[in-house]
Each structure stands twice: as structure tokens, then as C-alpha cells.
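Numbering-wise, our numbering comes out as the position in the sequence shown, counting from 1, plus 38. All residues carry an ideal CB built from backbone N, CA and C; glycine is no exception. Report on the following structure.
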Amino acid sequence: MKKVAIVYYSRTGRTKETAHLIKELLRGLEIQADVYGLRCVKEYGGNYIRMVIDTLLGRTTDYKIQDGFKPSSYDLIIVGTPIWAGSISPPIRTFIMDNVSSMKNPIACFVTSKRRKNYSIKFRNFLTSLGYNVIADITVVDSKVDSENIVKFVKEIAKSLNSTTK
Ligand SMILES: Cc1cc2nc3c(=O)[nH]c(=O)nc-3n(C[C@H](O)[C@H](O)[C@H](O)COP(=O)(O)O)c2cc1C
Numbered sequence: 039m040k041k042v043a044i045v046y047y048s049r050t051g052r053t054k055e056t057a058h059l060i061k062e063l064l065r066g067l068e069i070q071a072d073v074y075g076l077r078c079v080k081e082y083g084g085n086y087i088r089m090v091i092d093t094l095l096g097r098t099t100d101y102k103i104q105d106g107f108k109p110s111s112y113d114l115i116i117v118g119t120p121i122w123a124g125s126i127s128p129p130i131r132t133f134i135m136d137n138v139s140s141m142k143n144p145i146a147c148f149v150t151s152k153r154r155k156n157y158s159i160k161f162r163n164f165l166t167s168l169g170y171n172v173i174a175d176i177t178v179v180d181s182k183v184d185s186e187n188i189v190k191f192v193k194e195i196a197k198s199l200n201s202t203t204k
């Protein structure tokens, strides 16, 4: 059975909700997904100024991930983040920078945002520029409104996994 890891950061729960929805949709296609939420060592709380400044300056931030996350034990990794000031959140930026050499797996990425813009394409291009092999991306503004596209995203992931069956 193919195994997928979903790694996300979520401050107010919307990205977390989307991560779990993707997990359930994958389960419907008989693909097992483990979900890992990142936590900032120094959480942002309601400090919007710090969120915006860290994001605009492309700063990294210390984070924790549950014990047991081992990229090599997965066939594919899905990375999800909220959009802050037009970009990916600092903890996810840090995670992907930290794992450039260890995550050789195909990657799919998703973002959640208030506005409907091509944020996930920007994220995808950033991952590609670092050398990641990105197979799908999606921007989610509302998980109900976007449900059809989320299903499409999950099917794309399943197709990619099935095409690598040995
Ligand atoms: C500091 C900050 C900056 C944000 N900047 C943007 C933005 O530039 N564009 C946008 O569409 N949404 C923006 N948002 C909205 C979030 O991306 C959106 O609410 C996201 O789904 C929150 O995810 P979460 O609940 O997982 O933390 C911003 C939110 C915060 C807190």
C-alpha cells in the first residue's frame, strides 16, 4: 500500500482542516496518509506584525514536528500552509529549506488563503527552484466551495502514485 505524509502548519485551523480532508479523500482511494502538524517553538499568537515581517523578510523560525517523521518511509509528501502577506508561512518555509537534501520524494503542495489568487503556483515554483519534484498544487479559499478542485488534486496525487507502482 502506498504511503503519504501530509505536513502542514496552521495557526487558526483552516489549513489543518484541509489537511484532514485530503487525508480522508486519499483514504477513499485506499491510500494511507499520516498527518504531521508543525508547531512553532515560539508561537505567533496574535502578533500579526511579527507574522508579516518574518514572512516578508523570508525569515526562518524554529519548529517542532511529531517524533517519527521520516521522509524516506513515504512515497509522496504533501505540504500545506496558510498564506501570509502573499507568501508561505515561515515554519513551512523553514521545513522545506531544512529538508531539501532529505526529501527526494515527489511533493504536492496546498495553501489556504482568504483571497483567490495563484498562491499555490508561486509555492510550487519556489519548491521547484529548490529542486523538489512537485506533481500537484492547489489554493483553497473555502474547503466546501473548492471541494471539486480538492478531489481533482487528490486524484492527481493518486494517479502519480499509481504510475510509480513497481
Ligand atoms: C498575518 C496574516 C497575513 C495574511 N495574508 C494573506 C494574504 O496575503 N492573502 C490572503 O489571501 N490571505 C491572507 N491571510 C489569510 C490566511 O491566509 C487564511 O486565513 C488562512 O486560511 C489561515 O490558515 P490557518 O487557519 O491554517 O492558520 C493572512 C492571514 C494572516 C494572519
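> A196 bridges to which residues according to DSSP?
Replying inline: For A196, which the question treats as bridged, DSSP gives no partner whatsoever.
> Going by Cα to Cα distance, which pick from L114, R77, V42 is closest to K54?
Replying inline: R77
> If you draw a straight line from the alpha carbon of L67 to that of A196, how long is it in whole angstroms?
Replying inline: 7 Å
> Does the Cβ of A123 lie closer than 6 Å to at least one heavy atom of ligand 3?
Replying inline: Annotation note on ligand 3: not contained in the displayed structure, which lists ligand 1 as its ligands.
> Is G96 near ligand 1, with its Cβ less than 6 Å from a heavy atom?
Replying inline: no
> In this structure, does DSSP put Y74 in helix, strand or coil?
Replying inline: strand
> With 16 as the cutoff for other CB atoms within 10 Å, does L95 come out buried or exposed?
Replying inline: exposed
> Between which two residues does the beta strand (DSSP E) harbouring A174 extend?
Replying inline: 171–178
> Of the choices A146, S151, T150, R162, whose alpha-carbon is the least far from that of V192?
Replying inline: A146
> In the structure shown, what three-state DSSP assignment does I103 receive?
Replying inline: coil
>> Can you list, in chain order, the residues of its chain with a C-beta nearer than 8 Å to that of R154? Leave out the 5 residues immediately preceding and following it.
In response: T177, V179
> Distance, Cα to Cα, S158 vs N143?
Replying inline: 19 Å
> Based on the DSSP secondary-structure assignment, which residues constitute the bridge partners of K41?
Replying inline: Q70
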